[in-house]
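Asker:
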Amino acid sequence: MATLPPRKSQTPTRICISKQHLTPLQTLLQMGFPRHRAEKALASTGNRGVQIASDWLLAHVNDASLDECAPREYIIYACPTGPFLQQLEEFWSKSRQMCGWNGAHNYVPHITLVSFFKAPDECSLQLSKALKQVVDMTGALLDRPLKLEPYMSQNFMGFFVAEEDANYLKRLALQYVKEVSNSIISDTYEQLDAIVACFPWCGAVSSGTRCIPRSSRSISLEPHVKSLHLTLAYQFPQAQFNALKALVETLDAGCASNWELRLYSRDPRLATKQVQKVVYPHNPHETDELELRIGDYIYLNSDVVDSSSDGWAEGISWLTGSTGHLPVNYTERTAESDAWTLHRVVQLSKSVASSLTSAEDLDIVDGRSISTEPEERRRQSTLHPEIIEGSSFEESEQSVEKYLRQTLKPCLELPSVQLLNSHNLSHQHNPHTPTIEITTNMSSCSTSMSKQVVDEILVEPPAAQPPRPDDTLSVHSDHSMHPCSLDASQTKNRKVYIMRHGERVDFTFGTWIPYCFDEFGNYMRKDLNMPKTLPRRKNSPEGWQNDSPLTNVGVFQANLIGQALLEANVQVDHVYCSPSYRCIQTCTSALEGLQQSGQHKIKLEPGLFEWMAWYPSGIPDWLTKSELIEAKYNIDLEYEPVQPSGELTASLKESTEQFYTRNHDVLLQLLERTTGNILVVAHATTLDTCSRQLTGGAPRSTNELRQVIHKIPYCSLATVEQVDGVWKLVEPECLPVTHSKNPRFEWNALATT
1 MATLPPRKSQ TPTRICISKQ HLTPLQTLLQ MGFPRHRAEK ALASTGNRGV QIASDWLLAH
61 VNDASLDECA PREYIIYACP TGPFLQQLEE FWSKSRQMCG WNGAHNYVPH ITLVSFFKAP
121 DECSLQLSKA LKQVVDMTGA LLDRPLKLEP YMSQNFMGFF VAEEDANYLK RLALQYVKEV
181 SNSIISDTYE QLDAIVACFP WCGAVSSGTR CIPRSSRSIS LEPHVKSLHL TLAYQFPQAQ
241 FNALKALVET LDAGCASNWE LRLYSRDPRL ATKQVQKVVY PHNPHETDEL ELRIGDYIYL
301 NSDVVDSSSD GWAEGISWLT GSTGHLPVNY TERTAESDAW TLHRVVQLSK SVASSLTSAE
361 DLDIVDGRSI STEPEERRRQ STLHPEIIEG SSFEESEQSV EKYLRQTLKP CLELPSVQLL
421 NSHNLSHQHN PHTPTIEITT NMSSCSTSMS KQVVDEILVE PPAAQPPRPD DTLSVHSDHS
481 MHPCSLDASQ TKNRKVYIMR HGERVDFTFG TWIPYCFDEF GNYMRKDLNM PKTLPRRKNS
541 PEGWQNDSPL TNVGVFQANL IGQALLEANV QVDHVYCSPS YRCIQTCTSA LEGLQQSGQH
601 KIKLEPGLFE WMAWYPSGIP DWLTKSELIE AKYNIDLEYE PVQPSGELTA SLKESTEQFY
661 TRNHDVLLQL LERTTGNILV VAHATTLDTC SRQLTGGAPR STNELRQVIH KIPYCSLATV
721 EQVDGVWKLV EPECLPVTHS KNPRFEWNAL ATT
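The opening residue of the sequence shown carries number 1 in full-length UniProt numbering; numbering runs sequentially from there.
(1) With a cut-off of 8 Å on the beta carbons, I'd call Phe-159 and Leu-230 a contact; round off their distance for me.
(2) Counting only the same chain and skipping the five closest in sequence on each side, list residues whose C-beta sits under 7 Å from that of Ile-712.
(3) Give the secondary structure of Trp-259 by DSSP, where H, G and I count as helix, E and B as strand, and everything else as coil.
(4) How is Leu-652 classed by DSSP in three states: helix, strand or coil?
(5) Under 8 Å: do the segment 281 to 291 and the segment 311 to 329 share three or more Cβ pairs, one atom per stretch?
(6) Under DSSP, the alpha helix (DSSP H) around Phe-556 begins and ends at which residues?
(7) If you draw a straight line from the alpha carbon of Asp-67 to that of Leu-670, how long is it in whole angstroms?
(8) Using three-state DSSP, classify Leu-290 as helix, strand or coil.
(9) My output table needs one value for Gln-235: the three-state DSSP class, helix, strand or coil.
(10) So Trp-312 is in the beta strand (DSSP E); what residue range does that whole segment cover?
(11) Consult DSSP for residue 770 and reduce its assignment to one of helix, strand or coil.
(12) Note down the Cα distance separating Glu-592 from Gly-562, rounded to an integer number of angstroms.
(13) In angstroms with no decimal places, state the Cα-to-Cα distance between Ile-457 and His-739.
(14) Whole angstroms is fine: what's the gap from Val-114's alpha carbon to Leu-560's?
(15) The beta strand (DSSP E) that contains Gln-276, what's its start and end?
(16) Who pairs with Ala-78 in a beta bridge, going by DSSP?
(17) Pick out the complete alpha helix (DSSP H) segments inside the segment 602 to 630, 4 residues or longer, and give them in chain order.
(18) Comparing alpha-carbon positions, which option in Lys-526, Asn-569, Gly-100, Leu-550 lies nearest residue 754?
(19) Quick one, are the C-beta atoms of Lys-495 and Glu-746 less than 8 Å apart?
(20) Can you tell me which of the three DSSP states Val-50 falls into?
(21) Check this for me: beta carbons of Leu-263 and Ile-111, under 8 Å apart or not?
(22) Take Ser-443 and list the residues in its own chain whose beta-carbon comes closer than 6 Å to its own, dropping the five residues that flank it on each side.
(23) Going along the chain, which unbroken runs of the alpha helix (DSSP H) with 4 or more residues stay wholly within the segment 683 to 711?
(24) Per DSSP, what kind of secondary structure is His-282 in: helix, strand or coil?
(25) Taking just the CA atoms, how far does Met-524 sit from Trp-92?
(26) Does the beta-carbon of Leu-146 have 16 or more other beta-carbons within 10 angstroms, so that it is buried, or is it exposed?
(27) At a cut-off of 7 Å, would you count Tyr-234 as near the ligand SAM, judging by its Cβ distance to the nearest heavy atom?
(28) Look at the alpha carbon of Ser-119 and the alpha carbon of Arg-344, and state the distance between them as a whole number of angstroms.
(29) Quick test of your reading: Tyr-297 and Asp-338, contact by CB under 8 Å. State the CB separation rounded to the nearest angstrom.
(30) Evaluate the contact criterion for the segment 625 to 643 versus the segment 577 to 597: three or more CB pairs, one atom per stretch, below 8 Å.
(31) Between which residues of its own chain and Val-737 is the CB-CB distance below 7 Å, once the five residues before and five after are set aside?
(32) Just mark Tyr-660 as buried or exposed, buried being the case when its beta carbon has 16 or more other beta carbons within 10 Å.
(33) What would DSSP say about Lys-245, mapped onto helix, strand or coil?
(34) What is the rounded straight-line gap between the Cα of Thr-331 and the Cα of Gln-276?
(35) On the DSSP letters alone, give me the boundaries of the beta strand (DSSP E) that Thr-508 sits inside.
(36) Near residue 772, which residues of its chain fall below 7 Å by C-beta distance, leaving aside the five closest residues on each side in sequence?
Rendered as C-alpha cells:
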C-alpha cells in the first residue's frame, strides 16, 4: 500500500486550530474592521469578546465620534458589598426621595482609590489585568470590617477610613501605579503621560521608586493630603441637613466587611454631561430627532435640562452614539456611573458577599447592571445583559413585586405570622426574601381562596374585617352587595377625582399613521391593540398626529378604574374632560365601568389641556362636538368652558408656573360653579397641576414637573378631599392598574435559524 504523503498546504483542521488562537482584536481585524475601531469597540465593551464588540460597532455606525482619537477615562473604586451595601442603597433611595438629588447620587457607593486618568484603547485589557495582579501580589485580604468614622457638616456627609485601613488601600493604589508604569507606560504611549497625577497616594513615595519611564518623568507630582472617604451626600441645600443627618445616623458601618475593587471607564464625552435614563420610547418625527429606546442612556448638558423652554434638548445616545433632539420628559435623571463600563471586579475580602459575579462572566457594559436603585440592583445582579441594538428591559414586573411587598408588609405584624424556620435556614443567604406563612380564618368569604405565592412569601388571606367604604379588594365585601348602603355623598366631604387618560396609540406603536391609512384616507388597523374603527374627522389622517386615540388596552384600563370606583360606591356629580380624543375615550370608558355613562354628559374644558410649551405649532386639531356626537359620545353641547380653546392660542409660550396657574384657576372655577363630587379626566400633568396649589403647594419648576410626570402612568387616579374647608390629597378609593409590556410578535421569527 502506498504511503500517504504529508500535506504541506493549509488544511481545514489547521485553519480551525489557528483561528482558535486568534485574539478578539485579530478576529475583528479579519472581519474587516479598522484597527482603531476594533480597539475602541473592545475598550468600550470591557473586552468581553468579538460578538459584543461587533454589536457595538454596528450600533455605532452613525456615531460621528467613532473615528475620533479620544482615549477613555478610567477610575478605580473600592466598593462595599453585602449587608453594608444594602444599607447604603436604601439610604441612596430614601435621601433622593426625601431630600432630592445631590452629588452623591451620581455614583455608586464607593471609596475612590485612583481618580480619572486617560489611556489609549489598546491598553484597556492590560489595565484590567493589572488590577488582578496587584491584589494577587499583595496577598493579604480583609478579614474584618473596614473602620469607618462618620463625619457630617453643612456641605458634606460621609465616612472617613481609619488610618490603618486607609494605608492598606493606599498601598494597593500605589502598587497599581507601579504595575501600570512598568507594563504599559512607554515612550510610544504618550497619551498616558498624565496617569501618575491621577493616583492620589503617590506623593508619599520617593520619586526614585515610581518606575516611571522618561516620557512621564516630567509630570509634576504633589502630595495628596485628602483622606480616603465614602461620600454619602454633598452639594445639598442646607435646609435638607437635618433630614439627611437623621438618615445617616441610621447607618451601621460595623458590617462593612465585604469590599471589592472595580475598574470602570467612561466615554470622555460623559465628563461634563448629565446622564438621563430613557423611560418612554420615541420614534423620530423629524430628521434631527433622536430615537429613544427603553434601556438607553442619554448624555445631556445639565444647563439645557433646566433652561429648555419647549421641553426638548439635544443629547447623545449611549447605545448608538448618535446625536439629536429629544423630549426631556421621556427621560429621567440617573447616576453617571450607570453609563460606565465595568472592566474588572476583584474581591478584597475573605468573606465574599459580592454584588457581582466574576467580571468575565458578566456582560456589564457602561454600567447597565450596576444601578443605584436597590430593587433594580437586586434584580440586575442575576442578569447577563447584552449590548444589542433595540434591547429593552421589563420593569413592570419588578414594580408589581415591590408593590406586593409593600402591600404585604402590614401582614408581617400579625400575631399569626410564623417563620418557617427549617425552610428559612436553608435560605439564609438571601435576607431580602424571608419565607413567611400567614394562617388565618376566612370563613366569611363566599369563595375559598388559595395561597398566593410571591417569590418565597406564602400568604393566606387575613381574617375577615368589617368592610370599609373604600374596600375594593374583594367583590364579595359586604358593601359591594349593597351599593346604596354607603353612598359617598353621605360623607359630606367634597371630593375631586383627577384621572390620566389610558394607553395611547402613538406612544405604543410609534409612527402609525402612514401604515394605517391608505391613499384614500381609509383606516386599517395593523394590530389587535389598535382600535377597530376611528370616528370621522374633517382633517384625517393628519388630525390624528397630535390627537392620538387610545389603544384597546387603554380603553380597558379606563373601564377597570370605573368598575373599581363602582365597587367603592363612589358618587360622581359632574364630569369634566380635556378635549383631547384620548381623554374623551378614557372618560367614556370609565363612566361605563362606573355604570353612569347615561347619567352624565361630558363637559369639554380646553383649560384642562396640557402644557402649551409642548405644542409650539398651536393647539391640536381636536374633533368637533358634532363629530363626537356622530361617533356616539355623550357630549354636553350646552356647556360653556371656563377657558375657550381660542384663549389657549395666546398661551403658546406659557411658563411652567403659568401652566400650573391655568389648570388651577380652571379647577377653582369648576368648584365654584358646582356642588358635589367632580371627575376630571385629562393628562399626566393634570394630576399635579390641579391638586398641588389646591392643597397649598407651590407650582413646580420645569425640571420638577418632568420628574413627577414619570411617576404618573396611564389611568392614574388622584383624589383630593375637602376636610373642614381644607383640601387634602388622600388615598384613592380604588387600586391602581399595573401590567407589563407585551412587545409585538413576529410569526416568522420561528422560521429563522
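From the three backbone atoms N, C-alpha and C, an ideal C-beta is built for every residue, glycine too.
For clarity, every value in this text was computed on a predicted model and none was experimentally measured.
Answerer: Looking at the atomic coordinates:
(1) Position 159 of the sequence shown, counted from the start, is the residue given in the question as residue 159. Position 230 of the sequence shown, counted from the start, is the residue given in the question as residue 230. Contact holds; Cβ gap of about 5 Å.
(2) As a working note, residue 712 is residue 712 in the sequence shown. Excluding residues within five positions, the ones whose Cβ falls inside 7 Å are Arg-500, Ala-684, Leu-687.
(3) For the purposes of this step, residue 259 is identified with residue 259 of the sequence shown, where counting begins at 1. Here Trp-259 sits in strand by DSSP.
(4) Counted from its first residue, the sequence shown places residue 652 at position 652. In the structure shown, Leu-652 falls within a coil segment according to DSSP collapsed to helix, strand and coil.
(5) Enough Cβ pairs lie closer than 8 Å, so yes.
(6) Here the question's residue 556 lines up with position 556 in the sequence shown. In the DSSP assignment, Phe-556 falls within the unbroken alpha helix (DSSP H) covering 552 to 567.
(7) For the purposes of this step, residue 67 is taken as residue 67 along the sequence shown, with counting starting at 1. For the purposes of this step, residue 670 is taken as residue 670 along the sequence shown, with counting starting at 1. Taken atom to atom, the span from the alpha-carbon of Asp-67 to that of Leu-670 is near 60 Å.
(8) Numbered from its first residue, the sequence shown carries residue 290 at position 290. If DSSP states are grouped into helix, strand and coil, Leu-290 belongs with coil.
(9) For this step, residue 235 is matched to residue 235 along the sequence shown. DSSP places Gln-235 in coil when its eight states are reduced to three.
(10) Here the question's residue 312 lines up with position 312 in the sequence shown. Its beta strand (DSSP E) spans residues 312 to 317.
(11) The requested residue 770 does not occur in the structure, where the chain is confined to residues 1 to 753.
(12) Within the sequence shown, numbered from 1, the residue matching residue 592 stands at position 592. Within the sequence shown, numbered from 1, the residue matching residue 562 stands at position 562. In a straight line, the C-alpha of Glu-592 is about 7 Å away from that of Gly-562.
(13) Counted from its first residue, the sequence shown places residue 457 at position 457. Counted from its first residue, the sequence shown places residue 739 at position 739. Note that Ile-457 has pLDDT 34, beneath the 50 cutoff, so the model's placement of it is unreliable and no number is given.
(14) Working through the sequence shown from its first residue, we reach residue 114 at position 114. Working through the sequence shown from its first residue, we reach residue 560 at position 560. One C-alpha to the other measures close to 55 Å.
(15) Mapped onto the sequence shown, residue 276 falls at position 276. For Gln-276, the uninterrupted beta strand (DSSP E) run begins and ends at 274 to 278, by DSSP.
(16) On the sequence shown, residue 78 is found 78 positions in, with the first residue counted as 1. Note: Ala-78 sits in a beta bridge opposite Ile-111, Leu-261.
(17) Listed in chain order, they are 625 to 630.
(18) The displayed coordinates of the chain run from 1 to 753. Any statement about residue 754 would go beyond what the structure contains.
(19) What you label residue 495 is simply residue 495 of the sequence shown in a count that begins at 1. What you label residue 746 is simply residue 746 of the sequence shown in a count that begins at 1. For the 8 Å CB-CB criterion, Lys-495 and Glu-746 do not form a contact.
(20) Mapped onto the sequence shown, residue 50 falls at position 50. DSSP places Val-50 in the helix class (H, G or I) of the three-state scheme.
(21) In the sequence shown, the residue the question calls residue 263 occupies position 263. In the sequence shown, the residue the question calls residue 111 occupies position 111. No. Outside cutoff.
(22) On the sequence shown, residue 443 is found 443 positions in, with the first residue counted as 1. Per-residue confidence for Ser-443 stands at a pLDDT of 37, beneath the threshold of 50, marking its modelled position as unreliable; the derived number appears in the next sentence. None.
(23) Uninterrupted alpha helix (DSSP H) stretches at least 4 residues long and entirely within the segment 683 to 711 occur at 686 to 689, 702 to 709, given in chain order.
(24) Walking along the sequence shown from the start, residue 282 turns up at place 282. In the three-state reduction of the DSSP assignment, His-282 falls in the strand class, which pools E and B.
(25) Residue 92 sits at position 92 when you count from the first residue of the sequence shown. Residue 524 sits at position 524 when you count from the first residue of the sequence shown. For Trp-92 and Met-524, the distance between alpha carbons rounds to 49 Å.
(26) For this step, residue 146 is matched to residue 146 along the sequence shown. Per the 10 Å Cβ criterion, buried.
(27) As presented, the structure is devoid of all ligands, the ligand SAM included, so that no description of it is given.
(28) Locating residue 119 in the sequence shown gives position 119, where the first residue counts as 1. Locating residue 344 in the sequence shown gives position 344, where the first residue counts as 1. Here the sequence assigns Ala to residue 119, which means Ser is not the residue at that position. Ala-119 and Arg-344: Cα-Cα distance of roughly 16 Å.
(29) Within the sequence shown, residue 297 is the residue found at index 297, counting from 1. Within the sequence shown, residue 338 is the residue found at index 338, counting from 1. Between Tyr-297 and Asp-338 a beta carbon distance of about 6 Å is seen, short of the 8 Å cut, so the two are scored as contacting.
(30) Using a Cβ-Cβ distance cut-off of 8 Å, the segment 625 to 643 and the segment 577 to 597 are in contact, since at least three pairs of beta carbons, one from each stretch, lie closer than that value.
(31) Against the sequence shown, residue 737 aligns to sequence position 737. Gln-557, Leu-560, Ile-561, Cys-715, listed in sequence order.
(32) Start at 1 with the first residue of the sequence shown, and residue 660 comes out as number 660. Buried, by the Cβ-count rule.
(33) As a position in the sequence shown, residue 245 is number 245, starting the count at 1. When secondary structure is reduced to three states using DSSP, Lys-245 falls in the helix class.
(34) The residue labelled residue 331 in the question sits at position 331 within the sequence shown. The residue labelled residue 276 in the question sits at position 276 within the sequence shown. Going from the Cα of Thr-331 to the Cα of Gln-276 covers about 6 Å.
(35) Within the sequence shown, the letter at position 508 stands for residue 508. Looking at the DSSP string, Thr-508 is not in any beta strand (DSSP E); the run it does join, the alpha helix (DSSP H), is 505 to 509.
(36) Because the chain in this structure spans residues 1 to 753, residue 772 falls outside the shown range and cannot be described.
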